[in-house]
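Residue numbers (our numbering): 1076 to 1504.
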């Protein structure tokens, strides 16, 4: 199968669209609330305008994986891009006489479109590329999504200042990707034994659970960090929104850097080495966020430490996301790839939805800053658990355990004439 040169860039551009589901119209929410102030539960309805797509993505993504196997990868991608343009822009072109419930229908359909795009784009990356090339594209995908989130948020803010309907027009950008997506080749169908699907998905269950937990922790940042800044750090600054944006931008910028270098980092560290480093960096970043309010030298120093913590956290999250995608694409066969990517996408967005619910008891007990400290401990425990699967560390631990249990007996990989651990080189016969 011939893969055109523009295939990677087409899929990367499509992936960047997925972060627009909420970021693009976030600055326009106050104006939308004012426009529909007479609606029943107007505050709640406006919040649903922002969050409803994420819920639909979590519900539809597994079905999107089924559609990939039924109709093919490219048709699902094209359908998602077209629906994305129509549903996403609906808030801008629907008549003023329509109620906010019509806008919610459009936002729900946007969630369906994002699910189809995410599942098909990531699956096609797995179909088109392998090995080092796949890892490079997945790293770029993470960087494109992080950078796109910042770009579309800023663009949406500029347009919202002119008219609250204008940010909805940004969703029409998906039309520009349709011609190049149309020229992508459809991967050949693999008609292997269907009984292997359940086995493959079962083998990928740990990845789904890690992704779910990751997003529960990750969404502490957008949901709780602004309140932490408002209540503790910016009482004298008077610029909570600006400072919140700066802290989150530090995390995003760091994630872009490590996303771009993911393939190079993966080569020496390996799968579990990247997981270990990512969790350790995220834990260290959250620990700095937890310590920031304790500084007594003024809010400026505390804010600087918090921004540093968010940057360190972003370094870890920027490599963990593509590593999970690459891990999944490596362990599942081609036939099960679409369903597996759909399940992973559902896990990501279900974690977003559950994050405020799961973290509420901890926040009520130890406070917002304490919840970041607790998350730091959990992430460090994950790093230590993942380190056991790093080949070099696992080998060293097994040799040490063998030497402790039987000091005089032979242990594979240990030179008894030296105090150092040295791998034994097998002799050729």
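Where a beta carbon is used, it is the ideal one built from N, C-alpha and C, also for glycine.
Exercise. Leaving out five residues before and five after residue 1086 in sequence, what residues of the same chain have Cβ atoms less than 7 Å from its Cβ?
Worked result: In the chain shown, the residue the question calls residue 1086 occupies position 11. Around residue 1086, the same chain offers 1196, 1199, 1200 as residues with beta carbons nearer than 7 Å, after the five sequence neighbours per side are excluded.
Problem set entry | Separation of residue 1123 from residue 1298, as counted between CA atoms | Counting from one through the chain shown, the residue named residue 1298 turns up at place 223. Counting from one through the chain shown, the residue named residue 1123 turns up at place 48. Looking at the two C-alpha atoms, the distance is approximately 15 Å.
Exercise. Taking Cβ positions, are residue 1340 and residue 1349 nearer each other than 9 Å?
Worked result: In the chain shown, residue 1340 corresponds to position 265, counting from 1. In the chain shown, residue 1349 corresponds to position 274, counting from 1. A contact, by the Cβ cut-off of 9 Å.
Problem set entry | Boundaries of the alpha helix (DSSP H) in which residue 1564 is found, first to last residue | Residue 1564 lies beyond the stretch modelled for the chain, which goes from 1076 to 1504, so this question has no answer here.
Exercise. Considering only the beta carbon of each residue, do residue 1193 and residue 1091 sit closer than 9 Å?
Worked result: Position 118 of the chain shown holds residue 1193. Position 16 of the chain shown holds residue 1091. No, Cβ-Cβ distance for residue 1193 and residue 1091 is not below 9 Å.
Exercise. Among 1427, 1369, 1370, 1089, which one has its Cα closest to the Cα of residue 1213?
Worked result: One-based indexing of the chain shown puts residue 1213 at position 138. Closest option to residue 1213, judged by alpha-carbon separation, among 1427, 1369, 1370, 1089: 1089.
For this session: Report all residues from its chain with a CB closer than 7 Å to the CB of residue 1208; omit the five preceding and five following residues, and keep chain order.
Result: The residue you call residue 1208 lines up with position 133 of the chain shown. The beta carbon of residue 1208 sits closer than 7 Å to no other beta carbon from its chain once the five residues preceding and following it are set aside.
For this session: Indicate the three-state DSSP secondary structure (helix, strand or coil) for residue 1365 in the structure shown.
Result: The sequence position of residue 1365 within the chain shown is 290, counting from 1. Looking at residue 1365 - three-state DSSP - the assignment turns out to be helix.
Exercise. What's the C-alpha gap between residue 1083 and residue 1101?
Worked result: Taking the chain shown and counting its residues from 1, one reaches residue 1083 at position 8. Taking the chain shown and counting its residues from 1, one reaches residue 1101 at position 26. If I take the Cα positions, the gap works out to 29 Å.
Problem set entry | residue 1399 classed as buried or exposed, judged by whether at least 16 other C-beta atoms fall within 10 angstroms | Here residue 1399 corresponds to residue number 324 of the chain shown, with the count starting at 1. Residue 1399 comes out buried.
Exercise. Leaving out the 5 sequence neighbours to the left and right, which residues in its chain are closer than 7 Å to residue 1184 when beta-carbon positions are compared?
Worked result: As a working mapping, residue 1184 is identified with position 109 in the chain shown. 1158, 1162, listed in sequence order.
Exercise. Which word fits residue 1407, buried or exposed, when buried means at least 16 other C-beta atoms lie within 10 angstroms of its C-beta?
Worked result: Within the chain shown, numbered from 1, the residue matching residue 1407 stands at position 332. Buried, since its Cβ has 16 or more Cβ neighbours within 10 Å.
For this session: Take residue 1152 and list the residues in its own chain whose beta-carbon comes closer than 8 Å to its own, dropping the five residues that flank it on each side.
Result: Along the chain shown, read from residue 1 onward, the residue named residue 1152 stands at position 77. Excluding sequence neighbours, residue 1152 sits near 1089, 1191, 1192, 1195, 1196, 1199, 1256, 1259.
For this session: Determine, using beta-carbon pairs with one atom in the stretch 1141-1148 and one in the stretch 1232-1251, whether at least three such pairs fall under 8 Å.
Result: With contact defined as three or more Cβ pairs closer than 8 Å, the stretch 1141-1148 and the stretch 1232-1251 are not in contact.
Problem set entry | Contact check, residue 1384 vs residue 1366, beta carbons under 9 Å | The sequence position of residue 1384 within the chain shown is 309, counting from 1. The sequence position of residue 1366 within the chain shown is 291, counting from 1. Judged by beta-carbon spacing, residue 1366 lies within the 9 Å limit of residue 1384, meaning their Cβ atoms are closer than that value.
Exercise. Which runs of the alpha helix (DSSP H) spanning at least 4 residues fall entirely within the stretch 1412-1471, listed in chain order?
Worked result: Within the stretch 1412-1471, the complete alpha helix (DSSP H) runs of at least 4 residues are 1412-1462.
Exercise. So, is residue 1419 buried or exposed, given that buried needs 16 or more other C-beta atoms within 10 angstroms?
Worked result: Numbered from its first residue, the chain shown carries residue 1419 at position 344. Per the 10 Å Cβ criterion, buried.
Exercise. Between 1447, 1373, 1281, which lies nearest to residue 1293 when the distance is taken from Cα to Cα?
Worked result: Here residue 1293 refers to the residue found at position 218 of the chain shown. Measuring from the Cα of residue 1293, the nearest candidate turns out to be 1447.
Problem set entry | Where residue 1081 falls: helix, strand or coil (DSSP) | Stepping through the chain shown from its first residue, residue 1081 is reached at position 6. Three-state DSSP puts residue 1081 in coil, outside helix and strand.
Exercise. For residue 1093, which of helix, strand or coil comes out of DSSP?
Worked result: Numbered from 1 along the chain shown, position 18 holds the residue referred to as residue 1093. When DSSP states are grouped into helix, strand and coil, residue 1093 belongs to the coil group.
Exercise. Considering only C-alpha positions, which residue in the set 1132, 1376, 1283, 1120 is nearest to residue 1094?
Worked result: The residue labelled residue 1094 in the question sits at position 19 within the chain shown. Cα-wise, what sits closest to residue 1094 is 1132.
Exercise. Is the beta carbon of residue 1216 less than 9 Å from the beta carbon of residue 1397?
Worked result: Looking up residue 1216 in the chain shown gives position 141. Looking up residue 1397 in the chain shown gives position 322. Judged by their CB atoms, residue 1216 and residue 1397 are nearer to each other than the 9 Å cut-off.
Problem set entry | Which listed residue (1326, 1166, 1433) has its alpha carbon closest to that of residue 1287 | Your numbering for residue 1287 matches position 212 in the chain shown. It is 1433.
Exercise. Does the distance from the C-beta atom of residue 1234 to that of residue 1103 stay below 9 Å?
Worked result: The sequence position of residue 1234 within the chain shown is 159, counting from 1. The sequence position of residue 1103 within the chain shown is 28, counting from 1. In this structure, residue 1103 lies closer than 9 Å to residue 1234 by Cβ.
Exercise. Per DSSP, what kind of secondary structure is residue 1116 in: helix, strand or coil?
Worked result: Working through the chain shown from its first residue, we reach residue 1116 at position 41. Per DSSP, reduced to three states, the secondary structure at residue 1116 is coil, with no helix or strand assignment.
For this session: List the endpoints of the continuous alpha helix (DSSP H) containing residue 1041.
Result: Nothing can be reported for residue 1041: it is not among the residues displayed for the chain, which extend from 1076 to 1504.
Exercise. Any idea if residue 1279 is buried or exposed, counting beta-carbon neighbours within 10 angstroms, 16 or more meaning buried?
Worked result: The count along the chain shown starts at 1 and reaches residue 1279 at position 204. So residue 1279 ends up on the buried side.
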